[in-house]
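In my numbering, the protein residues as written are 4 to 431. The structure appears below as structure tokens.
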Amino acid sequence: MNILVIGSGGREHAFAWKLKQSSKCKNLYITPGNAGTEKIAQNVDIGVGDFLGIKNLIIEKDISLVIVGPEVPLVDGIRSYLQSDKRLQLLKIVGPGKEGAMLEGSKDYAKQFMMKHGIPTAASKTFTKETLAEAKEYLKTVKMPIVLKADGLAAGKGVIICKNLKEATLTINKMLAKGMFGAASEQVVIEEFLAGIELSVFVLTDGKSYKILPEAKDYKPIGENNTGPNTGGMGSVSPVIFAKGDFLKKVEDRIIIPTINGLNSDNINYQGFIFIGLMNVNGEPFVIEYNVRMGDPETQVVVPRIKSDLVELMDAVASRTLSNVELEIDDKTAATVVMVAGGYPDAYDKGDIISGMENESNDTLIFHAGTKTLGEQSVTNGGRVLAVTGLGDDIQKALDNSYDLVSKIHWDNVYFRKDIGHDLMTLE
Ligand code: AMP
């Protein structure tokens, strides 16, 4: 079949890499893609928000399966937009409709969903500009630190952890009264701080049945030992040592099953990925967020561990036949290190020539994120430039393989964290 992947990051490159290995994949298109996807598929220069352009491409190229990478087009309703065209009645789409996407599009909606369906999460209250005074009073009654979350999409930057009342009062004011995150912070969720270890669990569902994909841990802050501002993600590792047996069973029974049942009882037809951000608090799982798509850079460690045919899996999700398909997972560990342009997440240069990528081996994979092709060369074209995944029999070998290749890749002002996975090794 002809397949379209929407997006341009390392996540989409990882999808493309795996889809391409299937005998069921005929032509593979990426909108808009990057220098990495260009080598294995056909990039088409259409933005992820250009729904008309995407629809026309699907019709013109006779595409029968679409995988939506990022959250924004899902929250903006790409699914119903495409399905409302009579010519696309048979189109298969991996990614929920607008209603399901609200689990990521509104933190308050997600909280209400969890409360309604008895899914464990941190205690919280939601406030608006009109109730700012109440919010400030409420802050005086809670334990510090406290977590303030912009309700809407804020490119991963809308969560602020405040250490004391002064900081929290200042921040709630900025968010609600000063439009710190624009429309996204017109509502703010004030949430209890959970102390624990984070991990991400990924579920594929066709709305009826589900499969649990390999879990992962990601590293968001720019600096080593998780210091400095948050980024889109500086690295990730899968599997996560404590995500097994008893703990994973709790996650399935208390979170995954109630989430799927909740979607059904709320009449939300959901076909796609559910990314559950979890906090492990003394062995008990709590949801800290839902995302309605795969993570980046988590995809770059999850997808290489999937042995099954990804086209078959995606087709089954969209066709509501997931229970007929086997999901086979590789025991290997995968670790990815994200190489970024110096200065990121603030201002950074673009257009620097990337060298050394020819050193990719059997134990490594290079997934492009912010790159483009200039003549014969790949050049930097974003903050996060490459995700370099290493595979190995254990976390140490996976990290060694990744860092060995990272050390051979270069451009001016390149930066990467040197401590990805270190915290997990001390747990081993
Ligand atoms: P989110 O966008 O909701 O995943 O939040 C971003 C980051 O903030 C998470 O990855 C956590 O590190 C942190 N965080 C979010 N909610 C909480 C919470 N209730 N307690 C502690 N940390 C949190």
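Using N, Cα and C, we set each Cβ at its ideal position, and we do this for glycine too.
Per DSSP, what kind of secondary structure is S410 in: helix, strand or coil?
-> Here residue 410 refers to the residue found at position 407 of the sequence shown. S410: coil per DSSP, three-state reduction.
Specify whether the region 405 to 420 and the region 335 to 349 touch according to this definition: at least 3 beta carbon pairs, one from each stretch, less than 8 Å apart.
-> yes
May I ask you to report which of helix, strand or coil DSSP gives H2?
-> Nothing in the structure corresponds to residue 2, since the chain is present only between 4 and 431.
How many angstroms separate the CA atom of T134 from the CA atom of T172?
-> In the sequence shown, the residue the question calls residue 134 occupies position 131. In the sequence shown, the residue the question calls residue 172 occupies position 169. Going from the Cα of T134 to the Cα of T172 covers about 13 Å.
The alpha helix (DSSP H) with E292 in it runs from where to where?
-> Counting from one through the sequence shown, the residue named residue 292 turns up at place 289. That residue, E292, is in no alpha helix (DSSP H); its beta strand (DSSP E) goes 287 to 294.
Does the region 30 to 40 come close enough to the region 368 to 384 to have 3 or more Cβ pairs within less than 8 Å?
-> At 8 Å Cβ cutoff, the stretches touch.
Beta-bridge partners of N267, as assigned by DSSP = Taking the sequence shown and counting its residues from 1, the one referred to as residue 267 is at position 264. According to DSSP, which records beta bridges pairwise, N267 is partnered with nothing at all.
Can you tell me which of the three DSSP states F130 falls into?
-> In the sequence shown, residue 130 corresponds to position 127, counting from 1. Looking at F130 - three-state DSSP - the assignment turns out to be strand.
Please find out if some non-hydrogen atom of ligand 1 comes closer than 6 Å to the beta-carbon of A126.
-> On the sequence shown, residue 126 is found 123 positions in, with the first residue counted as 1. For ligand 1, not one heavy atom lies less than 6 Å from the Cβ of A126.
Thinking C-alpha only, which one of N285, G298, F130, K119 is nearest K223?
-> Walking along the sequence shown from the start, residue 223 turns up at place 220. Closest option to K223, Cα to Cα, is G298.
Straight-line CA distance for I277 to R296?
-> On the sequence shown, residue 277 is found 274 positions in, with the first residue counted as 1. On the sequence shown, residue 296 is found 293 positions in, with the first residue counted as 1. In a straight line, the C-alpha of I277 is about 6 Å away from that of R296.
State the DSSP-derived secondary structure class of F370, mapped to helix, strand or coil.
-> Walking along the sequence shown from the start, residue 370 turns up at place 367. Here F370 sits in strand by DSSP.
Can you check DSSP and say which residues form a bridge with K375?
-> Locating residue 375 in the sequence shown gives position 372, where the first residue counts as 1. For K375, which the question treats as bridged, DSSP gives the partners V382.
Mind the definition here: the region 195 to 212 touches the region 257 to 273 only if three or more C-beta pairs lie below 8 Å; say whether that holds.
-> yes
DSSP puts V391 in a beta bridge; with which residues?
-> Locating residue 391 in the sequence shown gives position 388, where the first residue counts as 1. For V391, which the question treats as bridged, DSSP gives the partners V340, I369.
Below 8 Å on the Cβ atoms is my guess for E107 versus K421; work out the distance and round it to an integer in Å.
-> Position 104 of the sequence shown, counting from 1, holds the residue named residue 107. Position 418 of the sequence shown, counting from 1, holds the residue named residue 421. Contact flag wrong, Cβ pair sits at about 31 Å.
Return yes when at least one heavy atom of ligand 1 lies under 6 Å from the C-beta of E41, else no.
-> Position 38 of the sequence shown holds residue 41. False, no ligand heavy atom lies under 6 Å from that Cβ.
Who pairs with V51 in a beta bridge, going by DSSP?
-> In the sequence shown, residue 51 corresponds to position 48, counting from 1. Answer by DSSP bridge pairing: none, since V51 is not bridged.
Pairing CB atoms from the region 178 to 193 with CB atoms from the region 153 to 164, are three or more of them under 8 Å?
-> Verdict: yes, contact present.
Per DSSP, which residues does M282 bridge with? Please list them.
-> Locating residue 282 in the sequence shown gives position 279, counting from the first residue. The partner list for M282 (beta bridge, DSSP) reads E201, F289.
Applying the criterion that 16 or more other CB atoms from any shown protein chain within 10 Å of the CB defines a buried residue, is P242 buried or exposed?
-> The residue labelled residue 242 in the question sits at position 239 within the sequence shown. Looking at its Cβ environment, which holds 16 or more other Cβ atoms inside 10 Å, P242 is buried.
Note down the Cα distance separating P300 from A390, rounded to an integer number of angstroms.
-> Numbered from 1 along the sequence shown, position 297 holds the residue referred to as residue 300. Numbered from 1 along the sequence shown, position 387 holds the residue referred to as residue 390. Going from the Cα of P300 to the Cα of A390 covers about 7 Å.
Quick one: residues in its chain with C-beta nearer than 6 Å to the C-beta of K21, no 5 flanking neighbours on either side, listed in chain order?
-> Here residue 21 is taken as the residue at index 18 of the sequence shown, counted from 1. Cβ neighbours of K21 beyond the five flanking positions: V306, L313.
In whole angstroms, what separates the C-alpha of S268 from that of P99?
-> Indexing the sequence shown from 1 puts residue 268 at position 265. Indexing the sequence shown from 1 puts residue 99 at position 96. Cα to Cα, S268 sits roughly 16 Å from P99.
For K89 and E137, the rounded distance between their alpha carbons = Here residue 137 refers to the residue found at position 134 when the sequence shown is read from its first residue. Here residue 89 refers to the residue found at position 86 when the sequence shown is read from its first residue. Going from the Cα of E137 to the Cα of K89 covers about 49 Å.
Proximity below 7 Å, CB of K101 to CB of G72 = Stepping through the sequence shown from its first residue, residue 101 is reached at position 98. Stepping through the sequence shown from its first residue, residue 72 is reached at position 69. In this structure, G72 does not lie closer than 7 Å to K101 by Cβ.
At least three beta-carbon pairs within less than 8 Å, the region 233 to 248 to the region 51 to 68 | no
Cβ-heavy atom distance, V162 to ligand 1, below 6 Å = Here residue 162 refers to the residue found at position 159 when the sequence shown is read from its first residue. For ligand 1, a non-hydrogen atom lies closer than 6 Å to the CB of V162.
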